[in-house]
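Peer 1: If you're matching them up, the sequences are chains A and B in order. Convert by adding 727 to the 1-based position in the first sequence; the result is the number in our numbering. Convert by adding 3 to the 1-based position in the second sequence; the result is the number in our numbering. Cβ atoms here follow ideal geometry from the backbone N, Cα and C, with glycine treated the same way. Just so it is clear, the structure is predicted and the values come from calculations on it, not from any experiment. Please read through the structure below; I'll follow up with questions.
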Amino acid sequence: MVERISLTDMNAGETGTAVEFIGGRGVHNRLCALGIRPGKKITRVNAAFGRGPIIVRVGSTQIALGFGMSYKVIVEVER
Amino acid sequence: MKKILLMGNPNVGKSAVFSRLTGIHVIASNYPGTTVEFTQGTMKIGDEEAILIDVPGTYGLEATSKAEKIAVEMLKDGDAVINVVDATNLERNLHLTLHLLERNIPVIIALNIWDDAKHKGITIDVKKMEELLGVPVVPTVAVTGEGIKELVSRIPQACNPKVARRSEEEKWTEAGRILDKVQLLQHRHHTLLEVIGDASVKPLSGIPIAILVMFAAFKVIRFIGEWLIGNVFEPIFERFWQPLMMQLSSILDPGSFLRSIIIGKLIDGEIDFVQSFGVLTTGLFVPIGMVLPYIFSFYIVLGVMEDSGYLPRLAVLLDNLMHRMGLHGWAIIPTLLGLGCNVPGIMATRILESRRERLITATIISIGVPCAALQAMIWGLVGEHGGRYVAIIYLSLFVVWVVLGRILNMILKGESQGLIMEVPPYRMPSLQTVVKKLWMRMAAFLKEALPIVLLGIMVVNILYFLKIFDVLADFAAPLITNVFGLPKEAVIAMAIGFLRKDVAVGMLGTLDLTAKQLVVAATALAMSFPCIATFVVLFKELGITDTLKSVLAMLISSLIVGGLLNAIL
Ligand SMILES: Nc1nc2c(ncn2[C@@H]2O[C@H](COP(=O)(O)OP(=O)(O)O)[C@@H](O)[C@H]2O)c(=O)[nH]1
Numbered sequence: 728m729v730e731r732i733s734l735t736d737m738n739a740g741e742t743g744t745a746v747e748f749i750g751g752r753g754v755h756n757r758l759c760a761l762g763i764r765p766g767k768k769i770t771r772v773n774a775a776f777g778r779g780p781i782i783v784r785v786g787s788t789q790i791a792l793g794f795g796m797s798y799k800v801i802v803e804v805e806r
Numbered sequence: 004m005k006k007i008l009l010m011g012n013p014n015v016g017k018s019a020v021f022s023r024l025t026g027i028h029v030i031a032s033n034y035p036g037t038t039v040e041f042t043q044g045t046m047k048i049g050d051e052e053a054i055l056i057d058v059p060g061t062y063g064l065e066a067t068s069k070a071e072k073i074a075v076e077m078l079k080d081g082d083a084v085i086n087v088v089d090a091t092n093l094e095r096n097l098h099l100t101l102h103l104l105e106r107n108i109p110v111i112i113a114l115n116i117w118d119d120a121k122h123k124g125i126t127i128d129v130k131k132m133e134e135l136l137g138v139p140v141v142p143t144v145a146v147t148g149e150g151i152k153e154l155v156s157r158i159p160q161a162c163n164p165k166v167a168r169r170s171e172e173e174k175w176t177e178a179g180r181i182l183d184k185v186q187l188l189q190h191r192h193h194t195l196l197e198v199i200g201d202a203s204v205k206p207l208s209g210i211p212i213a214i215l216v217m218f219a220a221f222k223v224i225r226f227i228g229e230w231l232i233g234n235v236f237e238p239i240f241e242r243f244w245q246p247l248m249m250q251l252s253s254i255l256d257p258g259s260f261l262r263s264i265i266i267g268k269l270i271d272g273e274i275d276f277v278q279s280f281g282v283l284t285t286g287l288f289v290p291i292g293m294v295l296p297y298i299f300s301f302y303i304v305l306g307v308m309e310d311s312g313y314l315p316r317l318a319v320l321l322d323n324l325m326h327r328m329g330l331h332g333w334a335i336i337p338t339l340l341g342l343g344c345n346v347p348g349i350m351a352t353r354i355l356e357s358r359r360e361r362l363i364t365a366t367i368i369s370i371g372v373p374c375a376a377l378q379a380m381i382w383g384l385v386g387e388h389g390g391r392y393v394a395i396i397y398l399s400l401f402v403v404w405v406v407l408g409r410i411l412n413m414i415l416k417g418e419s420q421g422l423i424m425e426v427p428p429y430r431m432p433s434l435q436t437v438v439k440k441l442w443m444r445m446a447a448f449l450k451e452a453l454p455i456v457l458l459g460i461m462v463v464n465i466l467y468f469l470k471i472f473d474v475l476a477d478f479a480a481p482l483i484t485n486v487f488g489l490p491k492e493a494v495i496a497m498a499i500g501f502l503r504k505d506v507a508v509g510m511l512g513t514l515d516l517t518a519k520q521l522v523v524a525a526t527a528l529a530m531s532f533p534c535i536a537t538f539v540v541l542f543k544e545l546g547i548t549d550t551l552k553s554v555l556a557m558l559i560s561s562l563i564v565g566g567l568l569n570a571i572l
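Here it is in structure tokens:
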């Protein structure tokens, strides 16, 4: 079943597809610039520690997102 | 002369390509944001000279960030663009390329980091890429120089296929389409570096790894530094310089102005390189015999860490802690640079986005982060009384760094921004880059610090000779004796701290202080007024009001902490 969740709710090692970002153009542009765009496959690399940053892999790049920022990234995962 | 612009995403090797093309060495590091300000140099294309401008790295040309605005401005009067593209990150890089092709300027692509692409099992069809984009594409490995000759020879072929404007979305789609046609991914297993890479950002394994790395770094720095002092620099000074200076001393009239400036005081009839305090004795020994070895060892270790790609991972791990100080993890990078010298540390605060973060980081660097020169002197002089005294100084400074950060975070309005950053892959540091950087940094130290140290010691001696210090010392005595518990002569050292902190600690060494007094004085000195070089960059980076705020914070906190240490110890 496909579920829509926030990046912060993904498990480490899980892969999903980015669908939308909550927030204004600023957030959207910053994420897109680094290659996180709707339709892209995103794999979460680490388990968070408290409200620490979340690291994701997109293509061959790794990107660290602050906890607040990760919350704004909505992904679809197969569960 | 033709103006050629070097453009690309951050951290694609632009600085490295720039060095290759111009022969000018700029500092390349494995984290985004090395090039925040532009650098320019000249290069030869055939028989013609051209100006090469290293434009700040950008992801797009929408002029949304400061770097992008600068880039767009520069595009207006450039004659051609060398677009440096990271072969391991093609899609995102192509997005910028598509932006460039929309502008009316000839483009040539340097397909850099070609070596890593091969190792990662990425194959790129260069001919096909040229066909699809309509511009020349040359694979390069900037760190070794591979492909650079071909790149230069093909610059005249740079061209612009005149594509129609596309929206952001269309550009991404187009980048994806090109990627599918030119790139072939071979499936392969995780490399060892990738496994380590993941382990060092997961909190459970990452924190022990970070502690281990920092501990090892510290040990290596101390080991190399001490070894060099004990086996190279001290013997040279003692065996060769000492007899020479003794001879010079015997020619000069004792008690004369000249001798007290050049040689300084004799201690038991001998020159003592720490206590004599002449321009050619202590003046040379402090920067060369005590500080330079540590500058060397610090920058070797820092260079390796910068190039390996570990620092951004440390930034990710520390993000949580740093948030409590109103910063995000990135601020650790200027801080670490500050441990070498506060000047580059404060300049590196430019990689932070908001003014507020820059003010907080710059202030806590200049108060709580001792530079390598100061640390070397502390180890040399305070360390003689036992390691725990050195530890007290470090601990006090660390506490101040954290507490002050938190306080500033509370008083200054605003919120810290969320972190978004690329975590670069681990790379084997290239010996060439590390050595080159080390060399540049040592040369900068000798060029910038040595004259000020010599000047500082000369000024001290002249003022002593004219007895001006006695007046100053009497004036400030109540503060220094009552609050810090130091003899009034220590005022002079504090005042000299404005010129150079290492000289100031050196002066403390001539005062016969107890271990406790040394700890108080060295800590207060580290925290109080920044040295002149730091002051100048603070001023340049922050402007007058913020610099004054920052200086106020320094004076207050050094009084409080110095007083507290005096009371507790
Ligand atoms: N393996 C490899 N590493 C490279 C190459 N070019 C640059 N680097 C490394 O990539 C990192 C970023 O380079 P730098 O020149 O600072 O990038 P800039 O931010 O674009 O100026 C540094 O650690 C360089 O040593 C290359 O062709 N191959």
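Short of 8 Å in beta carbon distance, which residues of its chain neighbour alanine 518 of chain B, apart from the five on each side in sequence? Order them along the chain.
Peer 2: Numbered from 1 along the second sequence, position 515 holds the residue referred to as residue 518 of chain B. Excluding residues within five positions, the ones whose Cβ falls inside 8 Å are Val385, His388, Gly389 and Tyr392.
Peer 1: Mind listing the chain B neighbours of arginine 771 of chain A? Cutoff is C-beta to C-beta under 7 Å, in chain order.
Peer 2: Translated into the one-based positions of the first sequence, residue 771 of chain A becomes position 44. Near arginine 771 of chain A there are no residues of chain B at all, since even the closest Cβ is about 11 Å away, more than 7 Å.
Peer 1: Helix, strand or coil: which one does DSSP assign to isoleucine 54 of chain B?
Peer 2: Start at 1 with the first residue of the second sequence, and residue 54 of chain B comes out as number 51. Reduced to three states, the DSSP call for isoleucine 54 of chain B is strand.
Peer 1: Are the CB atoms of phenylalanine 301 of chain B and alanine 375 of chain B within a distance shorter than 7 Å?
Peer 2: Taking the first residue of the second sequence as 1, we reach residue 375 of chain B at position 372. Taking the first residue of the second sequence as 1, we reach residue 301 of chain B at position 298. In contact: alanine 375 of chain B and phenylalanine 301 of chain B (Cβ atoms closer than 7 Å).
Peer 1: For valine 346 of chain B, does the count of other Cβ atoms within 10 angstroms reach 16, so buried, or fall short, so exposed?
Peer 2: Against the second sequence, residue 346 of chain B aligns to sequence position 343. The residue in question, valine 346 of chain B, is buried, as its Cβ has 16 or more Cβ neighbours within 10 Å.
Peer 1: For the segment 198 to 215 of chain B, which residues have a CB atom closer than 7 Å to at least one CB atom of chain A, in sequence order?
Peer 2: For the segment 198 to 215 of chain B, which is checked against every Cβ of chain A, the residues closer than 7 Å are Asp201, Val204, Lys205 and Pro206.
Peer 1: Alpha carbon to alpha carbon, how far is glutamine 278 of chain B from leucine 377 of chain B? Give it in angstroms, no decimals.
Peer 2: The count along the second sequence starts at 1 and reaches residue 377 of chain B at position 374. The count along the second sequence starts at 1 and reaches residue 278 of chain B at position 275. Going by the C-alpha atoms only, they are around 17 Å apart.
Peer 1: Who does lysine 6 of chain B pair with in a DSSP beta bridge?
Peer 2: Counting from one through the second sequence, the residue named residue 6 of chain B turns up at place 3. Bridge partners of lysine 6 of chain B: B/Ile54.
Peer 1: With a threshold of 7 Å between beta carbons, is isoleucine 116 of chain B in contact with chain A?
Peer 2: Taking the second sequence and counting its residues from 1, the one referred to as residue 116 of chain B is at position 113. Output row for isoleucine 116 of chain B: interface = no.
Peer 1: Tell me which same chain residues have a C-beta within less than 7 Å of the C-beta of threonine 38 of chain B, skipping the five on either side of it?
Peer 2: As a working mapping, residue 38 of chain B is identified with position 35 in the second sequence. Since pLDDT at threonine 38 of chain B reaches only 46, below the 50 mark, its modelled position is unreliable, and the value read off the structure follows with that caveat. The answer, listed in chain order, is Lys17, Ser18, Asp57, Pro59 and Gly60.
Peer 1: Who are the neighbours of cysteine 738 of chain A on chain B, taking C-beta pairs under 8 Å?
Peer 2: Mapped onto the first sequence, residue 738 of chain A falls at position 11. A small fix is needed here, since residue 738 of chain A is asparagine in this sequence, not cysteine. Under the 8 Å cutoff, chain B gives no residues; its nearest Cβ is about 13 Å from asparagine 738 of chain A.
Peer 1: By how many angstroms is the C-alpha of alanine 90 of chain B removed from the C-alpha of valine 729 of chain A?
Peer 2: Taking the first residue of the first sequence as 1, we reach residue 729 of chain A at position 2. Taking the first residue of the second sequence as 1, we reach residue 90 of chain B at position 87. Using only the alpha carbons, I get a separation of about 34 Å.
Peer 1: Hey, would you say the C-beta of isoleucine 96 of chain B is under 6 Å away from at least one heavy atom of ligand 1?
Peer 2: Position 93 of the second sequence, counted from the first residue, corresponds to residue 96 of chain B. Note that residue 96 of chain B is asparagine in the sequence shown, not isoleucine. Not so, every heavy atom of ligand 1 lies at least 6 Å from the Cβ.
Peer 1: From the DSSP output, which residues share a beta bridge with arginine 668 of chain A?
Peer 2: Since the first residue shown for chain A is 728 and the last is 806, residue 668 of chain A is missing from the structure and cannot be characterised.
Peer 1: Among residues of its own chain, excluding the 5 on either side of alanine 365 of chain B, which ones have a beta-carbon nearer than 7 Å to its beta-carbon?
Peer 2: Within the second sequence, the letter at position 362 stands for residue 365 of chain B. The residues are Ile349, Thr352, Leu541, Glu544, Leu545 and Ser553.
Peer 1: CB leucine 457 of chain B to CB valine 282 of chain B, shorter than 7 Å?
Peer 2: Position 454 of the second sequence, counting from 1, holds the residue named residue 457 of chain B. Position 279 of the second sequence, counting from 1, holds the residue named residue 282 of chain B. Yes; because the gap between Cβ atoms is below 7 Å, this pair is in contact.
Peer 1: Name the chain B residues whose beta carbon is nearer than 7 Å to that of arginine 806 of chain A?
Peer 2: Here residue 806 of chain A refers to the residue found at position 79 when the first sequence is read from its first residue. Neighbours of arginine 806 of chain A on chain B: none; closest Cβ ~22 Å, over 7 Å.
Peer 1: Following the continuous alpha helix (DSSP H) through leucine 295 of chain B, name the residue where it begins and the one where it ends.
Peer 2: On the second sequence, residue 295 of chain B is found 292 positions in, with the first residue counted as 1. Unbroken alpha helix (DSSP H) run through leucine 295 of chain B: 295 to 311.
Peer 1: By DSSP's criteria, alanine 47 of chain B is part of a beta bridge. Which residues make up the other side?
Peer 2: For the purposes of this step, residue 47 of chain B is taken as residue 44 along the second sequence, with counting starting at 1. The identity of residue 47 of chain B in the sequence shown is lysine, whereas the question assumes alanine. Answer by DSSP bridge pairing, in chain order: B/Glu52.
Peer 1: Closer than 9 Å by beta-carbon distance: list the chain A residues that pair up with lysine 123 of chain B, in chain order.
Peer 2: The residue you call residue 123 of chain B lines up with position 120 of the second sequence. By Cβ distance, chain A contributes Ser787.
Peer 1: Give the secondary structure of methionine 424 of chain B by DSSP, where H, G and I count as helix, E and B as strand, and everything else as coil.
Peer 2: On the second sequence, residue 424 of chain B is found 421 positions in, with the first residue counted as 1. Note: methionine 424 of chain B maps to strand in three-state DSSP.
Peer 1: For the alpha helix (DSSP H) that glycine 565 of chain B lies in, which residues bound it at each end?
Peer 2: Looking up residue 565 of chain B in the second sequence gives position 562. Run containing glycine 565 of chain B: 535 to 571, per the alpha helix (DSSP H) assignment.
Peer 1: Does any residue of chain B bring its CB to less than 7 Å from the CB of leucine 734 of chain A?
Peer 2: Taking the first sequence and counting its residues from 1, one reaches residue 734 of chain A at position 7. Not closer than 7 Å to any Cβ of chain B, the Cβ of leucine 734 of chain A fails to qualify, so no.
Peer 1: Is the CB of valine 129 of chain B under 7 Å away from at least one CB in chain A?
Peer 2: Taking the second sequence and counting its residues from 1, the one referred to as residue 129 of chain B is at position 126. No, valine 129 of chain B does not count as interfacial toward chain A.
Peer 1: Leaving out five residues before and five after alanine 507 of chain B in sequence, what residues of the same chain have Cβ atoms less than 6 Å from its Cβ?
Peer 2: For the purposes of this step, residue 507 of chain B is taken as the residue at position 504 of the second sequence. Cβ neighbours of alanine 507 of chain B beyond the five flanking positions: Ala496, Ile499, Gly500 and Leu528.
Peer 1: Anyone know if the C-beta pair for isoleucine 749 of chain A and lysine 799 of chain A falls short of 7 Å?
Peer 2: Translated into positions along the first sequence, residue 749 of chain A becomes position 22. Translated into positions along the first sequence, residue 799 of chain A becomes position 72. Yes; because the gap between Cβ atoms is below 7 Å, this pair is in contact.
Peer 1: Establish whether the CB of threonine 742 of chain A and some CB of chain B are separated by less than 7 Å.
Peer 2: To locate residue 742 of chain A, count along the first sequence from 1; it is residue 15. Threonine 742 of chain A does not count as touching chain B.
Peer 1: Tell me whether proline 315 of chain B counts as near ligand 1, meaning its Cβ is closer than 6 Å to at least one heavy atom of that ligand.
Peer 2: Locating residue 315 of chain B in the second sequence gives position 312, counting from the first residue. No - ligand 1 has no heavy atom lying nearer than 6 Å to the Cβ of proline 315 of chain B.
Peer 1: Just how far apart, CA to CA, sit glycine 743 of chain A and lysine 768 of chain A?
Peer 2: Counting from 1 along the first sequence, the entry for residue 743 of chain A is found at position 16. Counting from 1 along the first sequence, the entry for residue 768 of chain A is found at position 41. Cα to Cα, glycine 743 of chain A sits roughly 6 Å from lysine 768 of chain A.
Peer 1: Flag methionine 325 of chain B as yes if its beta-carbon sits less than 7 Å from any beta-carbon of chain A, otherwise no.
Peer 2: One-based indexing of the second sequence puts residue 325 of chain B at position 322. Answer no: the Cβ-Cβ gap between methionine 325 of chain B and chain A never drops below 7 Å.
Peer 1: Name the chain B residues that come within less than 7 Å of arginine 849 of chain A, Cβ to Cβ?
Peer 2: For residue 849 of chain A there is no data in the structure shown, the boundaries of chain A being 728 and 806.
Peer 1: Quick one, which of B/Ala220, B/Glu171, B/Arg430 and B/Pro109 has its alpha-carbon nearest leucine 195 of chain B's?
Peer 2: As a position in the second sequence, residue 195 of chain B is number 192, starting the count at 1. Nearest of B/Ala220, B/Glu171, B/Arg430 and B/Pro109 to leucine 195 of chain B, Cα basis: B/Arg430.
Peer 1: Tell me which residues of the segment 328 to 356 of chain B have at least one Cβ-Cβ distance to chain A shorter than 8 Å, keeping chain order.
Peer 2: For the segment 328 to 356 of chain B, which is checked against every Cβ of chain A, the residues closer than 8 Å are His331 and Gly332.
Peer 1: Taking 7 Å as the CB-CB limit, is arginine 95 of chain B close to chain A?
Peer 2: By one-based count along the second sequence, residue 95 of chain B stands at place 92. Judged by the 7 Å Cβ criterion, arginine 95 of chain B is in contact with chain A.
Peer 1: Using a beta-carbon distance below 7 Å, is isoleucine 782 of chain A in contact with chain B?
Peer 2: Numbered from its first residue, the first sequence carries residue 782 of chain A at position 55. Chain B contact via Cβ: present.
Peer 1: Cβ of proline 13 of chain B within 6 Å of any heavy atom in ligand 1?
Peer 2: As a working mapping, residue 13 of chain B is identified with position 10 in the second sequence. Yes, Cβ of proline 13 of chain B sits closer than 6 Å to a heavy atom of ligand 1.
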